[in-house]
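Those letters in the sequence shown? Residues -19 to 303, by the working numbering.
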Amino acid sequence: MVKPSVLVTRRWPKIVERQLSEKYNVQLNRTDRPLTPEEFREAIAKYDAVLPTVTDKIRADALDARNVQTKILANYGVGYTHIDVDVAKTQGIAITNTPDVLSECTADLAMTLMLMAARRAGEGERELRAGDWSGWRPTHLMGTKVSGKVLGIVGFGRIGQEVARRAHHGFGMKIVVFNRSKVAPDVLAQFNAQQVATLDDLMPLCDFVSLHCPGGQENRHMINANRLNLMKEDAFLINTARGEVVNEHALAQALMFDTIGGAALDVFDGEPRINPTLAQCDNLVMLPHLGSATREAREAMGFRVLDNLADFFDGRTPRDRVA
Ligand code: DGY
-19 MVKPSVLVTR RWPKIVERQL SEKYNVQLNR TDRPLTPEEF REAIAKYDAV
31 LPTVTDKIRA DALDARNVQT KILANYGVGY THIDVDVAKT QGIAITNTPD
81 VLSECTADLA MTLMLMAARR AGEGERELRA GDWSGWRPTH LMGTKVSGKV
131 LGIVGFGRIG QEVARRAHHG FGMKIVVFNR SKVAPDVLAQ FNAQQVATLD
181 DLMPLCDFVS LHCPGGQENR HMINANRLNL MKEDAFLINT ARGEVVNEHA
231 LAQALMFDTI GGAALDVFDG EPRINPTLAQ CDNLVMLPHL GSATREAREA
281 MGFRVLDNLA DFFDGRTPRD RVA
């Protein structure tokens, strides 16, 4: 039997690339740079499966091929708002993602950011590296206590719940949730969490607000100037979801004028480009989209793509089919 042809758009952990190559006719992208829309169009006219990541912006122009050969876009990652799902559907292309396997690591990173921002870890490290530390003193880089504070979680899916688990059971935080659909009472009970009706209800209650909702048009700039104004003046915003959820101009203003305590971002609107005003804010911690960046999670994401491909090419509905 002829093996299906598969294009991997970026470099993956070696162990996964090896297993993929044993099962399929695999084309690896050895340059490890995102494909252009034109290259993507050529790819879907050529390969049975294309395996993209968040850095492939798969909009109508990239999917506009006449003879589409690709039957499945098996995304390496849980978020798939970089793919125009409606256009893919009209081209008859199935889409899968990789949920679950990165939830714990992404939640770990959200906690890392929360602690770094509250305890001014970025500022401290910058000071040391610049040779500016003059030694211990009682008022030096005083931060904010995290334990026992109120954490607002926006989006209570798998990652949001893992954050709640860490924050509630590890740090004794009180959990408040905003989620578009009603969260089952037994799920809330695990974290002694309270669900509020609107995001506007959540913002003023919290010492920390952590975002775990999808990106895309629907949630674009959900955190805007009005919502930032609702936050306590010493509260922190944490984003490990998608950059576009936050209006970065409004956030930069809030940080510069200290209308909130600080923020920590792992994702950026238009990344890898960074809003230059944000980069000037000392009360901001920034990481380069590292949420799932552990060897364990990145390998598991690859194996999850393999599972989805096996389901698809064996004639079953892929376990993580999203469209
Ligand atoms: C995800 O899985 O969505 C991560 O952000 C990487 O794409």
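All residues carry an ideal CB built from backbone N, CA and C; glycine is no exception.
In the DSSP assignment, the beta strand (DSSP E) including residue i goes from what residue to what residue?
i	result
residue 219	216 to 219
residue 134	130 to 134
residue 264	264 to 266
residue 76	74 to 76
residue 29	29 to 31
residue 155	154 to 158
Answer with buried or exposed for residue i, where buried requires no fewer than 16 other C-beta atoms within 10 angstroms of its C-beta.
i	result
residue 192	buried
residue 140	buried
residue 198	exposed
residue 252	exposed
residue 118	exposed
residue 180	exposed
residue 220	buried
Compute every distance between the C-beta of residue i and the non-hydrogen atoms of ligand 1, then say whether any falls below 8 Å.
i	result
residue 225	no
residue 114	no
residue 128	no
residue -11	no
residue 82	yes
residue 269	yes
residue 119	no
residue 56	yes
residue 190	no
residue 281	yes
residue 76	no
residue 59	yes
residue 34	yes
residue 247	yes
residue 1	no
residue 161	no
residue -15	no
Contact defined as beta carbons within less than 8 Å: I believe residue i pairs with residue j. What is the distance between those atoms, to the nearest angstrom?
i	j	result
residue 50	residue 29	7 Å
residue 218	residue 190	4 Å
residue -13	residue -3	Incorrect: roughly 12 Å between the Cβ atoms, too far for contact.
residue 52	residue 23	The pair is not a contact, with the Cβ atoms about 13 Å apart (cut-off 8 Å).
residue 285	residue 56	6 Å
residue 241	residue 227	Actually they do not touch by this definition, with Cβ atoms about 18 Å apart.
residue 79	residue 300	6 Å
What is the residue span of the alpha helix (DSSP H) that residue i lies within?
i	result
residue 24	17 to 24
residue 307	Given that the chain is displayed from residue -19 to residue 303, the structure contains no residue 307 and the question cannot be resolved.
residue 171	That residue, residue 171, is in no alpha helix (DSSP H); it is neither H nor E in DSSP.
residue 302	First-last for residue 302: undefined, no H or E at that position.
residue 164	No alpha helix (DSSP H) holds residue 164; DSSP gives it neither H nor E.
residue 65	65 to 70
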